[in-house]
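Q: Following this message is one structure expressed as structure tokens.
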Amino acid sequence: MADKIVRQEEHARSPQWLLIETFGELDGNYTIVDWGGHPKEFLSLDKSVKGAAAKIRQAVTVVARTREPLTAVGAGRHVEVYPHFVGDRLHGVQVWSGTEDQVAPPRPRAGAWDINLTTLTALGSAEWADLADIPEEHRGMERSLANMFAQVQTDERELIAMKRIIAAVPGTTHQGVWTVYRRDGASFRSHFSCRIYESLIDQLQHRVARGISQEISVGATGEPQPLVLLEHRLLEADTPVGEYRALINLRNLRLIRWVHGSPIPEEIAWRGIEGEPAPAVHPDDRPVMVEMARGLAKSSTTGKMRVRGVDGSWITISARASLVAIDQETTAALLKFTMDC
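All letters in the sequence shown, in the order written, are residues 12 to 352 by my numbering.
Structure (structure tokens):
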């Protein structure tokens with residue numbers, strides 16, 4: 012209790028930026044997910060900043076309408092509000108409030124994003140593209156979820172994230188601190204928060220994780236938990252030369268990510284970006300993939316199939332699939348394959 016009081020007093024003496032998620036409808040039911048660079052677990056506005064909650068909700072309404080940052084100075088107060096959109100939807104706001112004579116500290120770098128858990132694709136805001144150093148030609152466009160995972164080092168809660176991706180239960184929330192690697196060689200720690208929703212896209216119901224991330228200077232650096240094969244062998248990080256390893260969602264047979272330590276096949280189309288063919292298995296070989304997935308209920312399975320190459324050609328691979336335990340209720344497929352020359 013004393014520690015909580017001290018933290019509250021520190022916040023009162025030195026106003027800090029708040030990161031507030033607005034993933035759902037703009038109904039005022041918002042929560043704080045970062046306070047002064049310290050990740051928070053969906054704190055209620057009314058319980059955490061009771062005196063300012065109403066003003067924050069008003070500010071959210073304003074920036075949602077104008078789509079522009081808000082600065083308000085007067086009546087002894089100084090308020091800064093910065094919105095984060097993905098398309099037309101407001102995902103969150105950064106809010107700072109101090110006295111009229113105070114100057115706001117530098118705003119932490121942040122960005123918003125969507126992950127479509129039905130298609131396993133991701134779309135980030137302009138701010139997120141800047142933060143993550145996404146190539147200019149790929150900004151504002153969806154890319155494969157595996158492409159996003161290729162850029163990050165996950166933490167010890169990765170298996171929970173995998174379960175969220177595979178199960179895709181609406182209303183589920185998730186948070187974590189991952190390291191993001193930029194093309195220029197720099198990296199940063201990013202705290203993310205997201206919630207899963209059902210969303211109507213092209214007349215079909217999709218499951219979408221709406222999220223927001225902020226750069227932080229603190230946070231755990233735990234290693235990802237190892238994936239475990241159902242025969243209770245750890246998935247070794249080292250990979251034989253010429254072999255590739257991928258984690259596949261058995262619900263839609265799409266690539267989730269490449270396994271840690273596995274090389275990435277540059278010849279195969281998997282990134283889901285403009286200028287590269289869409290990831291695909293040859294139509295004539297899809298029955299092979301489906302049968303391999305079905306057979307996993309009994310044992311590991313093998314097969315040959317053709318996958319789309321980055322040049323539009325079809326590349327034959329020899330594959331072996333095994334079940335991987337995400338937890339006691341959720342499984343995925345580990346696909347080990349080589350490319351036939």
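All C-beta atoms, glycine included, are put in the ideal place defined by N, C-alpha and C.
Below 8 Å between beta carbons: does that hold for Ala344 and Arg319?
A: Their beta carbons are not under 8 Å apart, which means Ala344 does not touch Arg319 by this criterion.
Q: Candidates Glu287, Val60, Ser224 and Gly103: which alpha carbon is nearest Asn158's?
A: Selected option, being the one with the closest Cα: Glu287.
Q: Between which two residues does the beta strand (DSSP E) carrying Glu79 extend?
A: No beta strand (DSSP E) contains Glu79, which DSSP labels as neither H nor E.
Q: Assuming Ala304 contacts Leu266 under a Cβ cut-off of 8 Å, what Cβ separation, rounded to an integer in Å, is found between them?
A: The Cβ separation is near 13 Å, so there is no contact.
Q: I'd like the ranges of any alpha helix (DSSP H) spanning at least 4 consecutive residues and lying wholly in the stretch 33–67.
A: The stretch 33–67 contains these whole alpha helix (DSSP H) runs: 56–59.
Q: Quick check on Gln339: buried or exposed, where buried means 16 or more other Cβ atoms within 10 Å of its Cβ?
A: Looking at its Cβ environment, which holds fewer than 16 other Cβ atoms inside 10 Å, Gln339 is exposed.
Q: Leaving out five residues before and five after Pro294 in sequence, what residues of the same chain have Cβ atoms less than 7 Å from its Cβ?
A: Closer than 7 Å at the Cβ level, and outside the excluded window around Pro294, lies no residue.
Q: Within this structure, are the beta carbons of Thr33 and Gly103 separated by less than 8 Å?
A: Taking 8 Å as the Cβ cut-off, Thr33 and Gly103 qualify as a contacting pair.
Q: Please state whether DSSP places Trp189 in a helix, a strand or coil.
A: In the structure shown, Trp189 sits in a strand (DSSP, three-state: E or B).
Q: Which same chain residues, not among the five before or five after Ala133, have their C-beta less than 8 Å away from its C-beta?
A: Around Ala133: Trp124, Asp125, Ile126, Asn127, Glu153, Arg154, Ser155, Leu156, Asn158 and Met159.
Q: I'd like the list of long-range same chain contacts for Ser311, defined as Cβ closer than 7 Å, with 5 residues on each side in sequence excluded.
A: Here the set comprises Arg331, Ala332 and Ser333.
Q: Anyone know if the C-beta pair for Gly222 and Phe203 falls short of 8 Å?
A: Against a cut-off of 8 Å, the Cβ pair of Phe203 and Gly222 comes out as a contact.
Q: Once you ignore the five residues that flank Ile326 on each side, which residues in its own chain have a CB closer than 7 Å to its CB?
A: Result list for Ile326: Glu278, Ile279, Arg317, Val318, Gly320 and Met350, in chain order.
Q: Confirm, please, whether the CB-CB distance from Pro50 to Gly109 is below 8 Å.
A: No, the pair does not count as a contact, with Cβ atoms beyond the cut-off.
Q: Mapping DSSP to helix, strand and coil, what is Gly314?
A: Gly314 falls in the strand class under three-state DSSP.
Q: Are the CB atoms of Ala121 and Ser224 nearer to each other than 8 Å?
A: Cβ distance < 8 Å, so Ala121 and Ser224 count as in contact.
Q: To the nearest angstrom, how far is it from the Cα of Gly151 to the Cα of Lys309?
A: For Gly151 and Lys309, the distance between alpha carbons rounds to 43 Å.
Q: Got a sec, what are the start and stop residues for the alpha helix (DSSP H) Ala121 sits in?
A: First-last for Ala121: Ala121 to Asn127, but that is the beta strand (DSSP E), not the alpha helix (DSSP H).
Q: Could you tell me the distance, in whole angstroms, from the CA atom of Val299 to the CA atom of Gly314?
A: Approximately 7 Å between the Cα atoms of the pair.
Q: Check His271 in the structure and name its three-state DSSP category.
A: Correct three-state label for His271: coil.
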